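Below: one structure, written as structure tokens.
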Amino acid sequence: MFTALDYEYMSHALRLAERGLFTTSPNPRVGCVIVNGGKVVGTGWHERAGEPHAEIHALRKAGDLAKGATVYVTLEPCSHHGRTPPCVEALIQAGVCKVVMAMNDPNPHVNGQGKEWLQKAGIAIQAGLLADQAERLNIGFVTRMRHDRPWVRTKIAASFDGRTALKNGKSQWITSEPARRDGHKWRARSCAILTGISSVRKDDPQLTVRYITVSRQPMRIVVDSNLETPLQAKLLQNADTTWIFTAQTSKEKIHRLEDTGAHIVVLPDLAGKVDLKAMMVKLAELGINELLVEAGPVLNGALVTAGLVDEIIFYFAPSLLGNSAQAMLALPEIGDLSEKYDLQISDIRKIGMDVRLIARFMK
Ligand code: AOF
Ligand code: ZN
């Protein structure tokens, strides 16, 4: 159904979409290539929410050559008025004759309606070209639209024997610099980075993207059930990007932290702890597509136990720390091997001296 040229143009559109990897959220990454008479006459990608969509950039470049053209776009063109007007309208006005799309837009305001509107206007439609790649690029957006929660990645750096810190808490550094730099790429593409109060106390992290130039820093989130984040914590400097999720209702504690500029979200109490499922719903409401967890064994374990982790990014350093060092995940005892958590490896490679292994939970 699709020709070799179709694949080539859609691959081009996907590469364009990828340019928005660090900038488009909460919107999806979308690329567009317009072809007329066998020539590419316009290209575009969505850069930032509130700014024109991929198709609009490409149509502007194509000008009059959009008339009678074929449009390759990695997501179904939108049919709704969001921060910007519907792309479908612009495509019809420009007189394109065919639209080839990778995947449907899972946004309930669109979800097939863009396609329908184009068809009604007499424009030929083909859908499903390189759909898997397009979905992978927008895994967070797709998860948020379909399931009202973010795509959750947990990053764990450990020794070969699965230890993340010495008994005395020392963990800087187990993996080497190239692996730590690689970690910043995952931070940069995430809408938010989440940690727990124990890690704040132990490591005083900044949770910012460094080594890579980015135009926006991800939101920083602390799960702090009892509001114990120290006022001098690095996360509370430039605290307007810091959100603290808590089950603590003391007005005094809330105000003290709010005065730093941080945002406090009080969630229902679940045995004295933040209800993590409720937190994910709230994060989806806040437009978080991809969430990166950089936390200790207790919070990581609680998230895994609650079924809230989709993917783990392991960095394994070729070293051994022994049984007295800290293990990576605090999980309730598993009595029978049939109850073990099964994961599927999606990527494995060497980064510097270390190994990076990405594995997904089988659901
Ligand atoms: C497209 N092309 O390049 C993108 C689309 O608030 P707005 O107007 O920016 O609309 C955001 C929604 O538009 C977003 O949730 C998704 O459904 C769609 N994104 N659609 O036709 C694009 N980025
Ligand atoms: Zn659009």
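For the sequence shown, UniProt numbering gives the first residue as 1, with consecutive numbering after it. Glycine is no exception: its CB is placed at the ideal position from the N, C-alpha and C atoms. As the structure is a computational prediction, the values presented were derived from the model and not from experiment.
- For A165, there is no enclosing alpha helix (DSSP H); the enclosing beta strand (DSSP E) has its first and last residue at 163-165.
- With 16 or more other Cβ atoms inside 10 Å of its own Cβ, M101 counts as buried.
- If the five residues before and after A295 are omitted, its C-beta is found closer than 6 angstroms to the C-beta atoms of T195, G196, S199, all from its own chain and listed in chain order.
- For R153, no alpha helix (DSSP H) segment is defined; the enclosing uninterrupted segment is the beta strand (DSSP E) at 151-159.
- Under the criterion of beta carbons closer than 8 angstroms, S225 and A247 qualify as touching, at roughly 5 angstroms.
- It is roughly 50 angstroms from the alpha-carbon of N323 to the alpha-carbon of M10.
- A Cβ-Cβ distance of about 16 angstroms is found for the pair V298 and K155, leaving them out of contact under the 8 angstroms criterion.
- Any heavy atom of the ligand AOF within less than 6 angstroms of a residue's beta carbon puts that residue on the list, which reads N27, P28, V30, H46, A49, H53, A54, E55, L75, P77, C78, G82, R83, T84, C87, D105, N107, V110.
- For G114, the enclosing alpha helix (DSSP H) stretches over residues 113-120.
- For a cut-off of 8 angstroms, the C-beta gap from M103 to E135 is around 6 angstroms, short enough to register as a contact.
- Taking 7 angstroms as the cut-off, the Cβ atoms of A179 and D310 do not count as close.
- With contacts defined by Cβ atoms closer than 7 angstroms, L236 and A262 form a contacting pair.
- In the DSSP assignment, N36 is bridged to K39.
- Nearest C-alpha to V35 among D259, E47, G68: G68.
- DSSP assignment within the stretch 301-342 yields the following whole beta strand (DSSP E) runs of 3 residues or more, N-terminal first: 311-317.
- Going by C-alpha positions, R153 is about 22 angstroms away from A131.
- Residues of the same chain with a CB within less than 8 angstroms of the CB of C191, apart from the 5 flanking positions on each side, are S25, P26, G140, P150, P218, M219, G287, I288, N289, E290, L291 in chain order.
- Burial state of T229 is buried, judged by a 10 Å Cβ sphere holding 16 or more other Cβ atoms.
- Residue state for L357 is assigned as strand, using DSSP reduced to three classes.
- Counting only the Cα atoms, D275 lies some 36 angstroms from H53.
- T213 has its alpha-carbon roughly 39 angstroms from the corresponding atom of G37.
- Y72 sits buried, since 16 or more C-beta atoms from the chains shown fall within 10 Å of its C-beta.
- Per DSSP, reduced to three states, the secondary structure at H12 is helical.
- For H263, the enclosing beta strand (DSSP E) stretches over residues 263-266.
- Here Q113 is buried. Its C-beta has 16 or more other C-beta atoms within 10 Å.
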